[in-house]
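Residue numbers (the working numbering): 29 to 185. Virtual Cβ for every residue (Gly too), placed ideally from N, Cα, C. Since we're looking at a predicted model, the values are computed, not measured. Please read the structure below before turning to the comments.
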């Protein structure tokens with residue numbers, strides 16, 4: 029990955045707030061051409077600095093009322109990749125992390141209600157070979173959701 033300079037950081041700080049902002053507006057704010065913004069953004073995508081863009085859909089609007097985090101403990105940490113393959117087949121699982129601490133893995137999922145959550149736990153997650161225990165934490169409210177702050181003054185190499 030090439031070095032991210034101050035212009036890259038300024039572009040990132042603008043588009044991370046509003047990914048739909050026209051490049052001409054970003055260019056005006058940065059004092060460069062629209063073509064320069066387009067080239068910079070394309071390079072940042074190719075280098076993996078920008079990993080996605082698009083719309084975020086509120087799960088509640090689709091009937092998924094319960095956001096849940098599930099700590100999974102595996103028989104052996106080396107089973108992680110096989111468990112991930114199985115988790116990918118469960119559409120309600122939206123995140124999965126290999127972790128340190130009390131759990132081998134931490135999974136985020138959405139369920140329509142407690143009945144579906146119980147089904148997901150008992151008949152999907154806990155039946156995956158290698159999963160020896162789970163702990164369920166229901167999110168009552170998401171209070172903060174944001175991207176990491178980007179400052180043109182930060183050193184990034």
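Measuring only the C-alpha atoms, how far is residue i from residue j?
| i | j | result |
| --- | --- | --- |
| residue 56 | residue 135 | 41 Å |
| residue 169 | residue 47 | 25 Å |
| residue 129 | residue 105 | 12 Å |
| residue 166 | residue 82 | 27 Å |
| residue 142 | residue 127 | 26 Å |
| residue 163 | residue 111 | 16 Å |
| residue 140 | residue 91 | 6 Å |
| residue 69 | residue 87 | 29 Å |
| residue 62 | residue 39 | 12 Å |
| residue 115 | residue 66 | 37 Å |
| residue 11 | residue 149 | There is no way to answer for residue 11, as the model of the chain reaches only from 29 to 185. |
| residue 64 | residue 176 | 24 Å |
| residue 58 | residue 96 | 41 Å |
| residue 144 | residue 51 | 43 Å |
| residue 154 | residue 109 | 16 Å |
Is residue i buried or exposed, if buried means 16 or more other CB atoms sit within 10 Å of its CB?
| i | result |
| --- | --- |
| residue 49 | exposed |
| residue 94 | buried |
| residue 89 | exposed |
| residue 174 | exposed |
| residue 120 | buried |
| residue 53 | exposed |
| residue 172 | exposed |
| residue 43 | buried |
| residue 45 | exposed |
Would residue i and residue j be called neighbours here (beta carbons separated by less than 8 Å)?
| i | j | result |
| --- | --- | --- |
| residue 137 | residue 122 | yes |
| residue 100 | residue 133 | yes |
| residue 32 | residue 77 | yes |
| residue 34 | residue 178 | no |
Please determine whether the Cβ atom of residue i lies at a distance below 7 Å from any heavy atom of the ligand ZN.
| i | result |
| --- | --- |
| residue 124 | By its list of ligands, the structure shown contains no ligand whatsoever, and the ligand ZN lies outside what it can speak to. |
Below 7 Å CB to CB, which residues in the same chain sit around residue i once its five sequence neighbours on both sides are set aside?
| i | result |
| --- | --- |
| residue 160 | 101, 102, 103 |
| residue 125 | 133, 134 |
Within a Cβ cutoff of 8 Å, which residues of the same chain sit near residue i, ignoring the five residues on either side of it in sequence?
| i | result |
| --- | --- |
| residue 107 | 157, 158 |
| residue 131 | 99, 100, 101, 163 |
Ignore the nearest five residues each way along the sequence and tell me which others in residue i's own chain have a CB closer than 6 Å to its CB.
| i | result |
| --- | --- |
| residue 72 | 78 |
| residue 118 | 152 |
| residue 41 | 178 |
Could you confirm whether any beta carbon from chain D is found closer than 8 Å to the beta carbon of residue i?
| i | result |
| --- | --- |
| residue 135 | Given the protein chain composition of this structure (a single chain), no chain D is represented. |
From the DSSP output, read off the bridge partner residues of residue i.
| i | result |
| --- | --- |
| residue 163 | 99 |
| residue 94 | 139 |
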